[in-house]
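These notes concern the structure reproduced below.
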Amino acid sequence: MPLDVAPQKAAAPQAPAAPPVSTIQRVPRGGGKVLATPATRKLARELGIDISGVHGTGPGGRVTKADVRAFTSAAPAAAPVESTPVAAAVAPVVTEAATKAKPAVAKAAPKPVSRPPAAAPGEAEERIKVRGLRRAIYEAMARSKSTAAHFTYVEEIDCTQLVEARNRLKPVAAAQGIKLNFLPFIAKATLLALRHFPKMNASMDDEAGEIVLKRYYHLGIAAATNAGLTVPVLRDADRTTLLELAEGISQLAVKAREGKLSPTEAKGSTFTITSLGKLGGVLATPIINHPEVAIMGVHKLEDKAVVRDGQIVIRPMLNLSLSFDHRVIDGHEGAEFAQKVKYYLEDPQLMLLEMI
330 MPLDVAPQKA AAPQAPAAPP VSTIQRVPRG GGKVLATPAT RKLARELGID
380 ISGVHGTGPG GRVTKADVRA FTSAAPAAAP VESTPVAAAV APVVTEAATK
430 AKPAVAKAAP KPVSRPPAAA PGEAEERIKV RGLRRAIYEA MARSKSTAAH
480 FTYVEEIDCT QLVEARNRLK PVAAAQGIKL NFLPFIAKAT LLALRHFPKM
530 NASMDDEAGE IVLKRYYHLG IAAATNAGLT VPVLRDADRT TLLELAEGIS
580 QLAVKAREGK LSPTEAKGST FTITSLGKLG GVLATPIINH PEVAIMGVHK
630 LEDKAVVRDG QIVIRPMLNL SLSFDHRVID GHEGAEFAQK VKYYLEDPQL
680 MLLEMI
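Under our numbering, think of the first position of the sequence shown as 330, with each following residue one higher.
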């Protein structure tokens, strides 16, 4: 049936010849590999053209460079076909093809992103022998995880009164040449709490199947050194004053970093505290210092928004993460111990009632 075309648009079908619509669409061929020389394929890539959608006019249907160039120039020329109802039906396909072809003519395909040179043979890996202190840490951590049944309890401490006490006593300590930070307060609160919970100050004799309760308090303070993590021991720490704790912890840390700990200062702790100071994060699961049955991790102290008496206020807050050996310590015992430490730290004056 002839098309009903208005007289003023009768010349539209005589527009410059364009390839059939099917040659402009980027439709993959039904089967077989596209026949084209490497040079032709390179030209298609540079122009951003999918060569599988180009109609080949060469021998055996081979796509030539002329076919590729004709493809790029043919798409815009097809616009006048919109003058007929039939063309309107296929216009979106033609327009899409033309839209994709336009940027390709104006801009070549981006160059591939360069990759770093491959490592020379033998340089892709490095092997470090596990020896010395690192070997000792390796064996101790593996032994702890393979024997103790770890569980962790985290408690939040409001340090408002602790900060006030430290700020008030700091100049007094400085006058005696002692730097007073928060760790001695935490250590003293822990030592007092251990008296109320003797199972926390114990070790597990796996071979004998016995829990060994310690009547002495040798406090381990984990310290990071260049050689690795060490645990200097402050012996009979429960018999020291707050200032003696501060001085003892500081001296042991220096010795640990310099590798000058004596044999008695490097082992024999009954309970361990580990702290990373400003790097302490929010919470963690400290690994118990075998053969002990509990350990406490101290996290960073920072201001936080909290609710007090129905009001949002800013308070200096600190998290404590405690890990326990569940074979020895039940969950409620671990929680009660953490609450006792919290009790002393949130009101440091209460420690005066039990200090020696």
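Backbone N, C-alpha and C define an ideal beta-carbon position, used for all residues, glycine too.
Small disclaimer: the values here were computed from a predicted structure and weren't measured.
| Assuming D654 contacts M533 under a Cβ cut-off of 8 Å, what Cβ separation, rounded to an integer in Å, is found between them? | Their Cβ separation, rounded to whole angstroms, is 6 Å, which keeps D654 and M533 in contact under 8 Å.
| task | Answer with buried or exposed for S402, where buried requires no fewer than 16 other C-beta atoms within 10 angstroms of its C-beta. | result | By the 10 Å Cβ count, S402 comes out exposed.
| request: Assign L649 to one of three DSSP states: helix, strand, or coil. | output: Three-state DSSP puts L649 in a strand.
| Assumed close pair L512, I617 - CB separation to whole angstroms, cut-off 8 Å | Not confirmed; about 20 Å, so no contact.
| message | Just to confirm, is the Cβ distance from F600 to G549 under 8 Å? | response | The Cβ-Cβ distance between F600 and G549 falls below 8 Å.
| field | For V501 and P645, believed in contact at Cβ under 8 Å, the rounded distance | value | Not confirmed; about 21 Å, so no contact.
| field | T489 - partner residues in DSSP beta bridges | value | Answer by DSSP bridge pairing: none, since T489 is not bridged.
| field | Pair within 8 Å by beta-carbon distance, A365 and I378 | value | No. Outside cutoff.
| field | First through last residue of the beta strand (DSSP E) which encompasses F600 | value | Counting along the chain, the beta strand (DSSP E) containing F600 begins and ends at F600 to S604.
| Where the alpha helix (DSSP H) containing I616 begins and where it ends | Where I616 is concerned, there is no enclosing alpha helix (DSSP H), given that its DSSP letter is neither H nor E.
| field | Distance between V635 and S475 (C-alpha atoms, nearest Å) | value | Across the structure, S475 and V635 are spaced so that their CA atoms are roughly 39 Å apart.
| query | In its own chain, which residues sit with a C-beta less than 6 Å from the C-beta of D632, not counting the 5 before and 5 after it? | reply | Excluding positions up to five away in sequence, the list reads I643 and P645.
| said: Just to confirm the assignment, what range does the alpha helix (DSSP H) spanning I578 have? | reply: Unbroken alpha helix (DSSP H) run through I578: L571 to E587.
| said: If you reduce the DSSP assignment to three classes, tell me which class S532 lands in. | reply: Of the three classes helix, strand and coil, the one that applies to S532 here is strand, per DSSP.
| message | Rounded to whole angstroms, what is the Cα-Cα separation between T603 and A582? | response | Using only the alpha carbons, I get a separation of about 12 Å.
| task | Would you mind sorting L521 into buried or exposed? The rule is 16 or more other CB atoms within 10 Å of its CB. | result | In this structure L521 is buried. Its beta-carbon is surrounded by 16 or more other beta-carbon atoms within 10 angstroms.
| query | Hey, how far is the Cα of R298 from the Cα of Y546? | reply | With the chain running from 330 to 685 in the structure shown, residue 298 is simply not present.
| task | Measure how close the beta-carbons of H619 and S473 come, nearest whole angstrom, since I'm counting them as under 8 Å. | result | Contact flag correct, Cβ pair sits at about 4 Å.
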